[in-house]
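K.L.:
If you scroll down you'll find the structure; I have some questions about it.
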Amino acid sequence: MQSIHDFKIGLEDYADNGTENEFPVLERCLECNCVAQGNLHRNGYYWRYGINEKGEAFHIPICRIRCLVCKVNISFLPSFLIPYYQHTLYTIVDRVRQFLEENKVNGYRQQLAQHVKRFCETIHWTHSFFVDVGHQLGLSKDMKKEAQKYMKMIHDIGVSPFYRRSWGHLSSYFMGKLILPYLRREKNYDSPT
Ligand SMILES: [Zn+2]
Numbered sequence: 040m041q042s043i044h045d046f047k048i049g050l051e052d053y054a055d056n057g058t059e060n061e062f063p064v065l066e067r068c069l070e071c072n073c074v075a076q077g078n079l080h081r082n083g084y085y086w087r088y089g090i091n092e093k094g095e096a097f098h099i100p101i102c103r104i105r106c107l108v109c110k111v112n113i114s115f116l117p118s119f120l121i122p123y124y125q126h127t128l129y130t131i132v133d134r135v136r137q138f139l140e141e142n143k144v145n146g147y148r149q150q151l152a153q154h155v156k157r158f159c160e161t162i163h164w165t166h167s168f169f170v171d172v173g174h175q176l177g178l179s180k181d182m183k184k185e186a187q188k189y190m191k192m193i194h195d196i197g198v199s200p201f202y203r204r205s206w207g208h209l210s211s212y213f214m215g216k217l218i219l220p221y222l223r224r225e226k227n228y229d230s231p232t
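For what it's worth, our numbering labels the leading residue of the sequence shown as 40, then goes sequentially.
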């Protein structure tokens, strides 16, 4: 299973620190809730890329932990990244926002189109998150208007707080592959093999 962790630093510093980052220490297994001591073991790292807003790529380690009781692997993705995406959270959201505001967006046009598409495809999920946290909202069929509305709400909360708070909502995450069936419990998604 993948978990996100706020390291309180950006991609560049995280890359600099490499395996010396301050990785989280769990008290209990996130899956079976057994106590960590004697059961949760560090299980090395896997490596992936992260790309910042300037298009610079960094090869970074993702810390893994294995539970000897339930056998699950837990990896701690830094909260500036989204599973399966190489560009940082902020880069993706900012580019989609620029597009929705009809500003010119440089570079990676095809990728931008995919990100916009995913943002729109998952707008029900985003809507559902905001309703869950107490907003009273409708969802019209005017996709562009809705996309702009939710983009603004995401910025009002803050991109990073939004991402972290919505993590796990309906067993998914922001920009994640969705949606049906909503309540299918996806274990091990994006876990490296
Ligand atoms: Zn466990």
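Cβ atoms here follow ideal geometry from the backbone N, Cα and C, with glycine treated the same way. Predicted, not measured: the structure shown is a model, and the values here were computed from it.
Could you work out which residue in Q41, F62, D52, G77 is closest to G89 when comparing CA atoms only?
P.N.:
Indexing the sequence shown from 1 puts residue 89 at position 50. Ranking the options by Cα distance to G89, first place goes to D52.
K.L.:
Distance, Cα to Cα, Y96 vs N56?
P.N.:
By one-based count along the sequence shown, residue 96 stands at place 57. By one-based count along the sequence shown, residue 56 stands at place 17. Reading off the sequence, residue 96 comes out as Ala, not Tyr. If I take the Cα positions, the gap works out to 15 Å.
K.L.:
Measure the CB-CB distance between I101 and Y85 and report whether it falls below 8 Å.
P.N.:
Taking the first residue of the sequence shown as 1, we reach residue 101 at position 62. Taking the first residue of the sequence shown as 1, we reach residue 85 at position 46. Yes. Within cutoff.
K.L.:
For the alpha helix (DSSP H) that P100 lies in, which residues bound it at each end?
P.N.:
Counted from its first residue, the sequence shown places residue 100 at position 61. Unbroken run through P100 is the beta strand (DSSP E), 96–106; no alpha helix (DSSP H).
K.L.:
Count the CB pairs spanning the segment 147–166 and the segment 206–213 that are closer than 8 Å, and state whether there are at least three.
P.N.:
As far as the Cβ criterion goes, the segment 147–166 touches the segment 206–213, which means the pair count is three or higher.
K.L.:
How about L128 and Q187: are their beta carbons less than 8 Å apart?
P.N.:
Here residue 128 refers to the residue found at position 89 of the sequence shown. Here residue 187 refers to the residue found at position 148 of the sequence shown. Cβ distance not < 8 Å, so L128 and Q187 don't count as in contact.
K.L.:
Leaving out five residues before and five after H174 in sequence, what residues of the same chain have Cβ atoms less than 8 Å from its Cβ?
P.N.:
On the sequence shown, position 135 is the one that residue 174 refers to. So the list reads M192, once near-sequence residues are dropped.
K.L.:
Which residues does DSSP list as the beta-bridge partners of H194?
P.N.:
Position 155 of the sequence shown holds residue 194. Looking at the DSSP assignment, H194 forms no beta bridge with any residue, so it has no partner.
K.L.:
From the DSSP secondary-structure annotation, give me the bridge partner or partners of L128.
P.N.:
On the sequence shown, position 89 is the one that residue 128 refers to. DSSP output for L128 lists no bridge partner at all.
K.L.:
Where V32 and R87 are concerned, what is the direct C-alpha to C-alpha distance, given to the nearest angstrom?
P.N.:
Missing from the structure shown is residue 32; the chain here goes from 40 to 232 and no further.
K.L.:
Am I right that V64 and V132 are in contact with their C-beta atoms under 8 Å? What's the rounded C-beta distance?
P.N.:
Residue mapping note: residue 64 aligns to position 25 of the sequence shown, counting from 1. Residue mapping note: residue 132 aligns to position 93 of the sequence shown, counting from 1. Contact flag wrong, Cβ pair sits at about 30 Å.
K.L.:
May I have the straight-line CA-CA distance separating E66 from S179, to the nearest angstrom?
P.N.:
In the sequence shown, counting from the first residue as 1, residue 66 sits at position 27. In the sequence shown, counting from the first residue as 1, residue 179 sits at position 140. Approximately 44 Å between the Cα atoms of the pair.
K.L.:
Output yes or no for whether 8 Å exceeds the beta carbon distance between N72 and R105.
P.N.:
Here residue 72 refers to the residue found at position 33 when the sequence shown is read from its first residue. Here residue 105 refers to the residue found at position 66 when the sequence shown is read from its first residue. No. Outside cutoff.
K.L.:
May I ask you to report which of helix, strand or coil DSSP gives N91?
P.N.:
By one-based count along the sequence shown, residue 91 stands at place 52. Reduced to three states, the DSSP call for N91 is coil.
K.L.:
Please report how far the alpha carbon of G49 lies from the alpha carbon of E185, in whole angstroms.
P.N.:
Along the sequence shown, read from residue 1 onward, the residue named residue 49 stands at position 10. Along the sequence shown, read from residue 1 onward, the residue named residue 185 stands at position 146. C-alpha separation (whole angstroms): 30 Å.
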